[in-house]
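Trainee: Residue numbers (the numbering used here), protein chains in the order written: chain P, 82 to 628; chain B, 9 to 124; chain H, 2 to 215; chain A, 523 to 839.
I have a structure I would like to understand better, so I am pasting it below and will then ask my questions one at a time.
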């Protein structure tokens, strides 16, 4: 398919032009693009804050920034990355774009709500950035009371409003996904023919729906307490600060599964495609996603082992936290088993996926350290925890996000990215990441606490290694930004199915028409049946082989 | 289900709700020992709520999917309640009754106008 | 049901799918509301357990009469809402408008009673943060009770106001004959929302008003 | 080999070797699983690399035996870790009865420690070697966290209540104390030192502060000056309940519940007397909130505990 042919054929990008066609679109694919651009913007703001943090930690004394500014920087890094990048990234960009196509639908169930959720996301984000510009907030992304509600004199209420509004954006996305998967599957698309990408987003949406409102209330109570001097969490008036931690972590632990489950969905798709083999134990991987979402709600107390929570409650939460690690282990073993006797080609998405499995395994195993009560006493609120969740978030979620962007880039833009540069970027990110965060495990067990802008001199060498790694990682992240934008103009034209994958989204031209399919496909075969299907890489537009 | 039957159901549920409201208010003035008053009040509230859900919101004759969603919500609420209260019930000194450890700091001058 | 239904949206195949999607969407939204109010209920329950005596004294300041009447008003509004949905299914235009207006009147009555209660509390200096004065026990803990009282009933009243907004929009639509047996989804959805707000009050009334009344 | 910077913290308390043993077992098992997965990935990626474009890999859909295997083995391993961790956790937060009790008050960005013999110090804590030390911690403002890496102990210090943790130092010397819960601007400046001394040196150090009143004596003085003695006269006609020998006993309250008279109960009864009223007494005690600081309350509690140890204490009915 030549470039001119692609230009002449009508698809969702050239069907209309102009700002109004973007700002008032209800097409799930265009909304995915709106999210992609805004998420990249928030990611680089969070990344800027991270760079300043790492530079400050080069020296034991706090000499680059004052303590006050450092506290605002790590809070900004936390809030931006957690609420405005990690939680929405894969669901809002790849989920929005792909779920309707993967199940053979023309759009999500509630397109207008989908657009509203982007506007809520943007208004929440801009409000939070406004708070940062106005002076920032210095409570940490966890907003623990009574510091956040009484003693902090920074813009807590403004930031809390930003996050509160942003919460409704993820609630609406979750609601949209669940109803779409239940009600709008193409004929023949039974639950066990759904791609695992859809399963993981269904599990994520359960957490969106059940968890987000509780943190909205917790943060609203903090804002009320700050404005009207109430005593809800103020111990001097009889309030209990530990109650805030319960309400906060009730959502915020399932939120870390919101961040990782979509990544697992991307990895399942990429592993199957680039080893040309069915996923090993499809139903186990699918139910593992649901298992993680459900068990994720039972374990929040492991954030509070040393916080004054009762010893017995701590033991219950520790036991349940061990159980929640099992579904993740099942997934890792099934992915590895999928590689067995496959026909593996190490394209960039595959490099990201294999990197994900390695780093997520280390992240998951160190999670068991933290679920073990005695070890958590020593490592709670130290750099061991920082390393653990960065292995899951950056090693897992961000690697999977980049893998997914590369894997579906031809479908979203009709263009192929430069393979050589992409593989270089993936390797750079993998190496930079390990150099940044592995020393932090050692620092953590040595006892260096989190959120310290000055530290004892004996920790300096490990911190310098970590900062060196951070600079490589930052370089690694800039590469995709450059060559992906470059590929929009100069990338080779991708056909309908450049990777010869089996999903429904690869059975329609790329970039796809506004209604995704000429006529709704009828699904007759199991997912990922690479062995039998010989999917055509080239279709004459308009003629869809019954999958 | 024809129209008359539906309306009859509505009115019956309506009357039941009013009666239950009256009873829960009346019973509140009778001392039934510490835990029973609250349990009874909550029990009546649950009955009233299920009446509204089943008849007014047509949950009774709607698809099983509605029950799955409602069940998930209620189960998640129960998880929130049981684990949080489990912490408060067993906190600090064991055997000293519920919420022994909960802080009981007295009034403070910060609440403007409070007379200690 | 013919395929070319007047209100069928392009991404749905048939009206049943569209209706079921709206219903599932609404029920899911109500589940998020359950968790939204749930966060406040657990906070209130924890403190009520911890400071039962002070909460009982503080709760005795609330008038059971006004609370009881409000509950009855809300139950009547639930009935009239159910009738509105019922007549929307039947497509009887005048009845829909009548019942919608009746529900709005009852809703406004509820808010009226609510704000008179708030005004009484203002008179008795029982609003935390606004020269709060509480004699029969620990003022700090009583401030927590009243924070939750105003927080929960305030959030509930906000949901009532949103509900009244929806109802007025529907009343206008109904008057223009927009709803028919083929298409009455908005009325049904608003009905579900309204009944949910009533259920929240069904739990709020005993938990806030009937604390230790003996 | 000495790299010039440490890679592993000191082991300076009885708990440290036990926690480190669990840590190393966990590391061993984790390294095994991590290597198993990464080697498998590398080997499979190389061995089954795509040689021809139209290769047709066999259609393997799954294997129940393997699934059960890699569910049961991780479950077994994690449950063992849970049990072992829970035992150590329970020990860390259950101080032995004969422990030397030291009161610690955390305030925005400093630590204040008070020894029962009356000596108090700031951002430093001198303790004898080889003796269990029980810390009773509270905070005056936000949540802080008492963290001594060398002892492997950590506990949040929550305002409005007492937290307890204990340790027994096994190495003399000075060890770093951190605040591990974010508490504001100078959170990273809230450092301290735990100085472990031979018991003899500790006694000399204690005696060093001339004329220092013991905690209990300071408490007795406060008990008089605040007028507590007016009601708590230990006589039957007294308006306040008898306090001699009260610490640690069960107290029957007006609403029928019983409550252990521990530090939290005593502190609560001073700050908010209305909360728990002893059976048979009127709720007439005013609150002393604002009239006496955290240190004062600790002194009064120490005094009430000393009443308990006096054999010849006034006769109690």
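Virtual Cβ for every residue (Gly too), placed ideally from N, Cα, C.
1. Given a limit of 9 Å on CB to CB distance, which residues of the region 184 to 207 of chain P reach chain H?
2. Quick one: list the residues of chain P neighbouring residue 142 of chain H, beta-carbon separation under 7 Å, in chain order.
3. Secondary structure at residue 122 of chain H, three-state DSSP: helix, strand or coil?
4. What does the Cβ neighbour count give for residue 18 of chain B, buried or exposed, with the cut at 16 atoms within 10 Å?
5. Please identify, using Cβ separations under 9 Å, the residues of the region 259 to 284 of chain P that lie next to chain H, in order along the chain.
6. Decide if the region 135 to 150 of chain P is in contact with the region 104 to 122 of chain P; the criterion is three or more beta carbon pairs, one per stretch, under 8 Å apart.
7. Would you tell me roughly how many angstroms separate the C-alpha atoms of residue 111 of chain H and residue 11 of chain B, rounded to the nearest one?
8. Evaluate residue 58 of chain H with the Cβ neighbour count: other Cβ atoms within 10 Å of its Cβ, from every protein chain shown; 16 or more gives buried, anything less gives exposed.
9. Got a sec: is the Cβ-Cβ distance from residue 424 of chain P to anything in chain A below 9 Å?
10. Where DSSP assigns a beta bridge to residue 648 of chain A, which residues make up the other side?
11. Pick out whichever of A:545, A:547, A:557 and A:546 has its Cα sitting closest to the Cα of residue 439 of chain P.
12. Check residue 43 of chain B in the structure and name its three-state DSSP category.
13. Verify the CB distance criterion: does residue 65 of chain H have a CB-CB separation below 9 Å to chain P?
14. Of all the residues that make up the region 81 to 94 of chain B, which are near chain P by a beta-carbon distance shorter than 8 Å?
15. Counting only the same chain and skipping the five closest in sequence on each side, list residues whose C-beta sits under 6 Å from that of residue 61 of chain B.
16. Taking the beta carbon of residue 585 of chain A as the centre, do at least 16 other beta carbons fall within 10 Å, making it buried, or is it exposed?
17. Could you check where the alpha helix (DSSP H) with residue 415 of chain P kicks off and where it finishes?
18. Can you check whether the C-beta of residue 786 of chain A is within less than 9 Å of a C-beta belonging to chain H?
19. Specify the secondary structure class of residue 620 of chain A as computed by DSSP and reduced to three states.
20. Please name the residues in the region 790 to 801 of chain A whose beta-carbon is closer than 8 Å to at least one beta-carbon of chain H, in chain order.
21. Assuming residue 14 of chain B contacts residue 160 of chain H under a Cβ cut-off of 8 Å, what Cβ separation, rounded to an integer in Å, is found between them?
22. Given this structure, state the Cα-to-Cα distance separating residue 708 of chain A from residue 65 of chain B, to the nearest angstrom.
23. Give me whichever residues DSSP pairs with residue 696 of chain A in a beta bridge.
24. Please tell me whether residue 98 of chain B has its Cβ less than 9 Å away from any Cβ of chain P.
25. Do we get a CB-CB distance below 9 Å when we pair residue 73 of chain B with the residues of chain P?
26. Expressed to the nearest angstrom, what Euclidean distance is found between the alpha-carbon atoms of residue 759 of chain A and residue 49 of chain H?
27. Could you check whether residue 586 of chain P and residue 179 of chain P sit closer than 9 Å to each other, using their CB atoms as the reference points?
28. According to DSSP, is residue 103 of chain P part of a helix, a strand, or is it coil?
29. To which residues does DSSP link residue 626 of chain A through a beta bridge?
30. Going by the CB atoms, is the gap between residue 294 of chain P and residue 34 of chain H shorter than 9 Å?
31. Run through chain A and tell me which residues come within less than 8 Å of residue 244 of chain P, C-beta to C-beta.
32. In or out: residue 415 of chain P buried (at least 16 other Cβ within 10 Å) or exposed?
33. Run the CB neighbour count on residue 142 of chain H, radius 10 Å, all protein chains shown included, and call it buried at 16 or more, exposed below.
34. Closest Cβ-Cβ distance between residue 709 of chain A and chain P: below 9 Å?
35. Thinking just about the alpha-carbon of each residue, which of H:153, H:170, H:43 and H:61 is nearest to the one in residue 84 of chain B?
36. Between the Cα of residue 206 of chain P and those of P:171, P:164, P:235 and P:170, spot the shortest distance and give me the residue it belongs to.
Mentor: Reading off the structure:
1. 186, 187, 188, 189, 190, 191, 192 and 194
2. Within chain P, the residues near residue 142 of chain H are 319.
3. Look at residue 122 of chain H here: in three-state DSSP terms it is helix.
4. buried
5. 259, 260, 261, 263, 264 and 265
6. no
7. 29 Å
8. buried
9. Cβ-Cβ to chain A under 9 Å: yes for residue 424 of chain P.
10. A:717
11. A:557
12. helix
13. no
14. Going along the region 81 to 94 of chain B in chain order, one finds 81, 84, 87, 88, 91, 92 and 94 with a Cβ nearer than 8 Å to chain P.
15. Result list for residue 61 of chain B: 67, in chain order.
16. exposed
17. 392 to 420
18. no
19. coil
20. 794, 796 and 797
21. Cβ atoms of residue 14 of chain B and residue 160 of chain H stay farther apart than 8 Å, at about 26 Å.
22. 55 Å
23. A:717
24. Yes, contact with chain P.
25. yes
26. Their backbone Cα atoms lie some 35 Å apart in a straight line.
27. yes
28. Correct three-state label for residue 103 of chain P: helix.
29. DSSP output for residue 626 of chain A lists A:635 and A:659 as bridge partner(s).
30. yes
31. In chain order: nothing, as chain A lies at least about 18 Å away.
32. So residue 415 of chain P counts as buried.
33. buried
34. With a threshold of 9 Å between beta carbons, residue 709 of chain A makes contact with chain P.
35. Checked all of H:153, H:170, H:43 and H:61; the closest Cα to residue 84 of chain B is H:43.
36. P:164
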